[in-house]
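Engineer:
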């Protein structure tokens, strides 16, 4: 092993005080970065998970059906054929359909408008019962206690509906009360159905105002659909990282099967329908895209998490870089005699630069590794403990009742590698100063 490499390793363990301070700073920055990444990634993943469960899937196949040029509705005419094709194209996905419409709710006391209405089969709809948690009565009935009444599983019953606590407060209803669901002018035939509130569930941020769920047959009756029809087919994937890939596969497969496709759009459902009305085609078309095309108002949470993480990473890397420059400069100045003596013994300037950079790199790798390891242990402990969020603001910001953290290891390794590179790059200037030290500098400092 060359002498300059052995010396850099030896100096790493000799300058214990300095290296402990620099290493602790780099490790602390790495720990903070891992925890921040875990928190923000956890929020982003939770948004995708909850939105896809409430909306019917991570990838949506939305159907438009027009019997005349200037009017149509959301419908898929050949439900079983479409679901079979989606399952064949993405075999490891869970494929299910929902009946969706834009409706209003009314009771004897009040009414609401612009409600996304979903007809579901609660026996098959994976995850819905986990997200729709029955709320204590005091959350929607003044003066009530903490007792929980109602059951999501009662959506198996005909003419049943589940609403959120905020909607129950506005309508002034309780479990087992009757409300009326009516379609709006977006459907070809106006109709209304009475349904029994079988459960009032806890509010979910950004969904509670305008989502409700009923059994599928009630929805079919309300929207005047045939038994072979539905409105939207959703796919649940084993990994949310494959959403764009699955959507592209479906678009290619549907086009190859000679189905007409519309351009995916991230906007309100009513605007999509109006755009379809303005087009001259007649028949069946499909729009295939990720969950965010249908849940367009939720995408800001995912983007906000990414932006915050990028800004935080940049700030921490800047702090680490400035710290590395300062510490390495001090180390070089304090070792002028040693470095000058090495120059006198025949060590070249390039080898001195390599010695300083190697020492910094080894220190950075150990510190970053330690900080990352501690951070991952904390993330696992937090997820295992199931920390409950008591504050309503925290539940809104973190999008859930419990604190959930997640780490994308690909992103983590990239960021850790970046921190090591920045630490080493920050040592370039002090290393260049070390290369300019000669034997005369060592003699001057000695005497």
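Residue numbers (the numbering used here): 425 to 871. The beta carbon of each residue, even a glycine, is placed where N, CA and C say it ideally should be. Model, not experiment: these values are computed from the prediction.
1) Let me confirm a value: residue 475 is counted as buried when at least 16 other C-beta atoms fall within 10 Å, else exposed. Which label applies?
2) For residue 533, I'd like the list of residues in its chain whose CB is within less than 8 Å of its CB, leaving aside the five on either flank, ordered along the chain.
3) Is it buried or exposed, residue 602, if we count other Cβ atoms within 10 angstroms and call 16 or more buried?
4) Taking three-plus beta-carbon pairs below 8 Å as touching, is the segment 693-705 in contact with the segment 552-559?
5) Can you check the segment 482-517 for any beta strand (DSSP E) of at least 3 residues that lies completely inside it and give the ranges in chain order?
6) Express the C-alpha separation of residue 775 and residue 671 in angstroms, rounding to a whole number.
7) Below 7 Å CB to CB, which residues in the same chain sit around residue 510 once its five sequence neighbours on both sides are set aside?
8) At which residues does the beta strand (DSSP E) containing residue 637 begin and terminate?
9) In this structure, how does DSSP classify residue 600 when only helix, strand and coil are distinguished?
10) For a test of your reading of the model: does the CB of residue 480 fall under 6 Å from any non-hydrogen atom of the ligand SAH? Yes or no.
11) To the nearest angstrom, report how far apart residue 732 and residue 682 are at their CA atoms.
12) Quick check: what's the CA-CA separation for residue 569 versus residue 624?
13) Using the beta-carbon count (16 or more within 10 Å), is residue 615 buried or exposed?
14) Can the beta-carbon of residue 579 be found less than 7 Å from the beta-carbon of residue 639?
15) Sort out for me which residues DSSP pairs residue 553 with in a bridge.
16) Which whole-angstrom value describes the C-beta separation of residue 529 and residue 647, a residue pair presumed to lie in contact below a C-beta threshold of 8 Å?
17) Which of the three DSSP states, helix, strand or coil, is assigned to residue 711?
18) Report the option in 539, 854 and 850 whose CA atom is closest to the CA atom of residue 743.
19) For residue 685, which residues does DSSP report across the bridge?
Structural biologist: Concretely, from the data shown:
1) Start at 1 with the first residue of the chain shown, and residue 475 comes out as number 51. Looking at its Cβ environment, which holds 16 or more other Cβ atoms inside 10 Å, residue 475 is buried.
2) The residue you call residue 533 lines up with position 109 of the chain shown. Around residue 533: 595, 596 and 597.
3) Locating residue 602 in the chain shown gives position 178, counting from the first residue. Residue 602 should be labelled exposed.
4) No contact exists between the segment 693-705 and the segment 552-559.
5) 483-492 and 495-498
6) What you label residue 671 is simply residue 247 of the chain shown in a count that begins at 1. What you label residue 775 is simply residue 351 of the chain shown in a count that begins at 1. Answer to the nearest angstrom: the Cα atoms are 53 Å apart.
7) On the chain shown, residue 510 is found 86 positions in, with the first residue counted as 1. These residues qualify, in order along the chain: 485, 519, 657, 659 and 674.
8) Along the chain shown, read from residue 1 onward, the residue named residue 637 stands at position 213. Residue 637 -> beta strand (DSSP E) spans 635-639.
9) As a first step, residue 600 must be located in the chain shown, where it is residue number 176. Three-state result, residue 600: coil.
10) With respect to small molecules bound, the structure shown includes none, and the ligand SAH cannot be examined in it.
11) Position 308 of the chain shown, counted from the first residue, corresponds to residue 732. Position 258 of the chain shown, counted from the first residue, corresponds to residue 682. About 43 Å.
12) Indexing the chain shown from 1 puts residue 569 at position 145. Indexing the chain shown from 1 puts residue 624 at position 200. C-alpha separation (whole angstroms): 14 Å.
13) Taking the first residue of the chain shown as 1, we reach residue 615 at position 191. It is exposed - the Cβ of residue 615 has fewer than 16 other Cβ atoms within 10 Å.
14) For the purposes of this step, residue 579 is taken as the residue at position 155 of the chain shown. For the purposes of this step, residue 639 is taken as the residue at position 215 of the chain shown. Between residue 579 and residue 639, the gap from beta carbon to beta carbon is short of 7 Å.
15) In the chain shown, counting from the first residue as 1, residue 553 sits at position 129. Answer is none; residue 553 lacks a bridge partner.
16) Within the chain shown, numbered from 1, the residue matching residue 529 stands at position 105. Within the chain shown, numbered from 1, the residue matching residue 647 stands at position 223. With 8 Å as the limit, residue 529 and residue 647 do not qualify as a contact, their Cβ atoms being about 15 Å apart.
17) Position 287 of the chain shown holds residue 711. DSSP places residue 711 in strand when its eight states are reduced to three.
18) Taking the chain shown and counting its residues from 1, the one referred to as residue 743 is at position 319. Answer by Cα proximity: 850.
19) Numbered from 1 along the chain shown, position 261 holds the residue referred to as residue 685. Per DSSP, 710.
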